[in-house]
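Presented below is the structure to which this report refers.
Residue numbers (our numbering), protein chains in the order written: chain A, 1 to 185; chain B, 1001 to 1101.
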């Protein structure tokens, strides 16, 4: 019974955060909405026995990724001038209709599978020990590939940051400082 | 009443569709990027719920790998957004029509 209660509360919170993400005009509010949703998803991980994954979710997503997002929002300024005029006729109703249609299709397609699945077996508790046992055993090669991927991503980011060349740098920093007051409000 | 894996998967579907709608609705590149993160989170939730339902750890490991790839993707994507902003002084994807889009 208590699980139903926790699920209901955090489901509402997660959906509210997601809608805030999509609907908020200010990108900072969008980021806060995403943060709320990510914390709720961490709670759902705990309810599903994925304890280690819940910790990783809070550390990586709510910690690192959202901090990075907020840093970039601060860096490039809150875009007050976001154009809300739709250029395609009936853009917004069409998109909302498409989203609702996709949801209905997913629910219809998944329903058979969700119903015939067995009940809670409850054996898959994801402690650090269990996860690392699987990760360093069966999943060793994919794990090493992620090391390669992260290295390539880090090198690529540094290469992108250096790409514009030195001669433009001063001018661009000036342009960045001009926009800074917009960040405050 | 008991919360089964299907409930979590239905919630994941809802979150995924909100993220997809946000991807189509918004112009700000940062908000579009955050919508992608929302969709990845929704899929992760489905993975974990399915793994728990079947009693195996593979769902959690798949979610873990999705997280790693998402972290790498965020790093590169945000670097690209910052670089585009440096060149064009805008984060709106409508302005980026250099390739005829």
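The C-beta atom is built at its ideal place from N, Cα and C for all residues, glycine as well.
- Restricting attention to 1067/B, 1033/B, 1053/B and 1086/B, the CA atom closest to the CA of residue 70/A is found in 1033/B.
- Interface annotation, residue 156/A: in contact with chain B, CB-CB separation under 8 Å.
- Residues of the same chain with a CB within less than 8 Å of the CB of residue 1066/B, apart from the 5 flanking positions on each side, are 1040, 1043, 1044 and 1047 in chain order.
- Closest in C-alpha terms to residue 146/A, from the list 1071/B, 1026/B and 1008/B, comes 1071/B.
- With a cutoff of 8 Å on beta-carbon distance, residue 52/A and residue 131/A are scored as near each other.
- Rounded to the nearest whole angstrom, the CA to CA distance from residue 1081/B to residue 1029/B is 7 Å.
- Distance from the CA of residue 1058/B to the CA of residue 16/A, rounded to the nearest whole angstrom, comes to 30 Å.
- The alpha carbon of residue 1075/B has as its nearest neighbour, out of 88/A, 89/A and 60/A, the alpha carbon of 60/A.
- Straight across, the Cα-Cα distance linking residue 1004/B with residue 1020/B is about 25 Å.
- CA-to-CA, the gap between residue 1027/B and residue 157/A works out to about 24 Å.
- Near chain A, meaning a CB-to-CB distance below 9 Å, the residues of the region 1070 to 1081 of chain B are 1070, 1071, 1072, 1073, 1074, 1075, 1076, 1078, 1079, 1080 and 1081.
- Nearest in C-alpha terms to residue 39/A, of all of 23/A, 68/A, 18/A and 73/A, is 18/A.
- Between residue 1019/B and chain A, the shortest Cβ-Cβ separation is below 8 Å.
- As the crow flies, the alpha-carbon of residue 22/A is around 25 Å from that of residue 108/A.
- Collapsing the DSSP output to three states places residue 40/A in a helix.
- Per the C-alpha coordinates, the member of 36/A, 128/A, 26/A and 99/A positioned closest to residue 58/A is 36/A.
- Contacts with chain B at 8 Å (Cβ-Cβ) include residue 99/A.
- By the beta-carbon neighbour count (other beta carbons within 10 angstroms, threshold 16), residue 148/A is exposed.
- Across the region 44 to 58 of chain A, CB contacts with chain B closer than 8 Å involve 44, 45, 47, 48, 49, 50, 52, 53, 56 and 57, in sequence order along the chain.
- Contact between residue 93/A and residue 1031/B fails: their C-beta atoms lie close to 20 Å from each other, not under 8 Å.
- By the neighbour-count definition (other C-beta atoms within 10 Å, threshold 16), residue 1078/B is a buried residue.
- Around the Cβ of residue 141/A, a 10 Å sphere holds fewer than 16 other Cβ atoms; the residue is exposed.
- When 8 Å is used as the limit between beta carbons, residue 14/A is near these residues of chain B: 1011 and 1015, in chain order.
- Within 10 angstroms of the beta-carbon of residue 154/A lie fewer than 16 other beta-carbons, which makes it exposed.
- For residue 1035/B, DSSP assigns no beta-bridge partner whatsoever.
- Residue 128/A holds the alpha-carbon nearest to the alpha-carbon of residue 55/A among 162/A, 128/A and 161/A.
- Residue 67/A is outside the set of residues whose beta carbon lies under 8 Å from a beta carbon in chain B.
- Shown here, residue 1052/B sits in a helix according to DSSP, grouped into three states.
- For residue 1094/B, no alpha helix (DSSP H) run applies, since DSSP gives it neither H nor E.
- In chain B, no part has a C-beta under 7 Å from the C-beta of residue 62/A; the shortest such distance is about 11 Å.
- Residue 1049/B is positioned such that its CB atom lies no closer than 8 Å to that of residue 1001/B.
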